[in-house]
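Numbering (the numbering used here), first residue to last: 463 to 847.
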Ligand code: GLU
Ligand code: MG
């Protein structure tokens with residue numbers, strides 16, 4: 463934006479439907495704003511970007527619904543700049559669903575549940591995830607814009623409640639190299655009124671033709687979508703090819719879909735699919751907007767996603783992946799940004815202003831990372847040459 467003149471002032475107009483008193487801050491309410499400049503919707507405001515994408519669907523009489531699944535860590539800062547799980551006793555070899563550690567965070571988790579319920583979120587489940595100090599909380603799916611607003615409210619509440627308890631709430635994608643990372647899976651379905659457009663005819667298993675075409679679009683644009691869905695340097699420590707340092711991390715690396723296949727980028731389910739690529743550093747509005755653009759492109763061009771893969775893709779080598787005609791997700795932020803730059807459909811969804819600024823900032827982030835010398839490098843090289 464220019465520094466002077468009518469377009470120099472970026473302001474928000476509150477969306478009255480989002481007005482919500484905050485239970486953890488009595489006397490304070492939150493309202494979600496849409497960005498405006500010079501009385502016009504600001505083209506680079508992420509919520510406006512999503513509204514534009516959803517309007518394209520509405521033009522066809524369609525509505526997108528998403529269920530966004532946040533995984534997160536509860537951490538504390540240790541001595542000498544280290545980070546560790548806030549619960550020092552949380553150290554099972556296989557911590558998934560750890561029922562002994564879960565109750566130690568009951569105060570936080572219970573208060574979070576109560577708080578979100580008071581804000582109108584339908585909290586469905588809470589569990590201990592697959593890493594030390596890692597949890598997941600799920601709330602009911604809904605209209606796509608509302609789901610993003612709800613996720614942001616969840617994050618605001620979780621940060622505040624953790625901080626009040628001397629902990630740090632973290633949605634960093636991969637805080638610990640030897641532990642699984644945090645995903646932000648999206649369950650995606652398309653509706654015409656109350657008719658689910660992704661539900662297959664007949665026995666209802668699998669996806670309809672529109673669902674398959676939408677998935678094909680998401681897979682065709684998967685590398686560029688990564689730039690929005692996994693937008694940090696750290697994101698690519700999660701989306702790694704092959705076994706991670708911690709064994710199975712359940713994060714995808716292969717651009718593929720499969721029925722109930724959690725090792726693929728897209729897991730298909732009756733009437734919906736789960737997009738497993740995003741992590742919690744993503745801006746949910748931009749991730750959803752670009753997902754819509756990719757899916758619509760699949761429908762418009764009548765793309766075919768090919769047969770669903772039933773195999774465990776975590777065991778496939780890159781050569782096997784290629785032999786099956788499949789691709790891998792970008793393995794670095796830099797690679798994802800290259801893909802974004804070359805993908806007209808995804809760039810169009812973001813708009814010129816946002817695309818250019820996003821690429822500039824994210825390229826700078828990559829360069830800054832590349833300039834740093836990590837402890838791993840010192841350990842490997844310092845005495846070696
Ligand atoms: N934490 C895993 C990820 O990074 C996902 C685990 C799960 O399937 O719930 O995507
Ligand atoms: Mg999970």
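Glycine included, C-beta positions come from ideal geometry on N, C-alpha and C.
- Residue 473 and residue 823 have their C-alpha atoms roughly 21 Å apart.
- Distances between the C-beta of residue 531 and the heavy atoms of ligand 2 include at least one below 7 Å.
- Two segments are said to touch when three or more pairs of C-beta atoms, one from each, lie closer than 8 Å; by this definition the stretch 519-535 touches the stretch 585-603.
- Look at residue 559 here: in three-state DSSP terms it is coil, with no helix or strand label.
- Residues with their Cβ less than 7 Å from any non-hydrogen atom of ligand 1, running along the chain, are 533, 591, 592, 598, 642, 643, 644, 645, 647, 700, 711, 712, 713, 724, 738 and 741.
- In this structure, residue 813 lies near residue 511, with their beta-carbon atoms less than 8 Å apart.
- If you look at residue 476, you'll find it in the beta strand (DSSP E) that goes 472-476.
- Listed in chain order, the non-local C-beta contacts of residue 695 below 7 Å within the same chain comprise 795, 827, 828 and 831, local neighbours out to five positions each way being set aside.
- Beta-bridge annotation (DSSP): residue 647 is paired with 531.
- In the structure shown, residue 597 adopts extended strand secondary structure according to DSSP, grouped into three states.
- Taking a C-beta distance under 8 Å as the contact criterion, residue 564 and residue 599 do not qualify as a contact pair.
- Look at residue 500 here: in three-state DSSP terms it is coil, with no helix or strand label.
- Within the stretch 563-637, complete alpha helix (DSSP H) segments of at least 4 residues are found at 568-580 and 606-626, given in chain order.
- Shown here, residue 669 sits in a strand according to DSSP, grouped into three states.
- Only residues of its own chain outside the window of five on either side were considered, and among them 670 have a CB closer than 8 Å to the CB of residue 663, listed in chain order.
- The three-state reading of DSSP puts residue 720 in strand, counting E and B together.
- Here residue 684 carries a helix assignment [DSSP, helix/strand/coil].
- The C-alpha of residue 726 is placed about 21 Å away from the C-alpha of residue 640.
- Note on geometry: alpha-carbon atoms of residue 576 and residue 673 lie some 36 Å from one another.
- Fully enclosed alpha helix (DSSP H) runs of no fewer than 4 residues occupy 795-803, 806-812 and 814-833 of the stretch 795-836, in order along the chain.
- Only residues of its own chain outside the window of five on either side were considered, and among them 589 and 590 have a CB closer than 8 Å to the CB of residue 559, listed in chain order.
- A direct Cα-to-Cα measurement between residue 693 and residue 655 gives close to 33 Å.
- By the criterion of a C-beta distance shorter than 8 Å, residue 805 is surrounded in its chain by 683, 685 and 686, once the five residues flanking it on both sides are discounted.
- For residue 641, the three-state secondary structure derived from DSSP is coil.
- Ranked by Cα distance from residue 791, the first of 678, 507, 698 and 843 is 698.
- In the assembly as shown, residue 740 is a buried residue. Its beta-carbon has 16 or more other beta-carbons within 10 Å.
- Under DSSP, residue 545 takes part in a beta bridge, and its partners are 539.
- With fewer than 16 other Cβ atoms from the protein chains shown falling within 10 Å of its own Cβ, residue 787 counts as exposed.
- Nearest neighbour of residue 738 by Cα position, chosen from 764, 625 and 711, turns out to be 711.
- Put simply, of 688, 704 and 762 the residue whose alpha carbon is nearest the alpha carbon of residue 774 is 704.
- For residue 726, the uninterrupted beta strand (DSSP E) run begins and ends at 726-731, by DSSP.
- Of the candidates 767, 516 and 747, 747 places its Cα closest to the Cα of residue 494.
- In the DSSP secondary-structure assignment, residue 735 is bridged to 650 and 730.
- Non-local beta-carbon contacts of residue 780 in its own chain, meaning distances under 7 Å to residues more than five positions away in sequence, involve 703 and 790 in chain order.
- Here residue 542 is exposed. Its C-beta has fewer than 16 other C-beta atoms within 10 Å.
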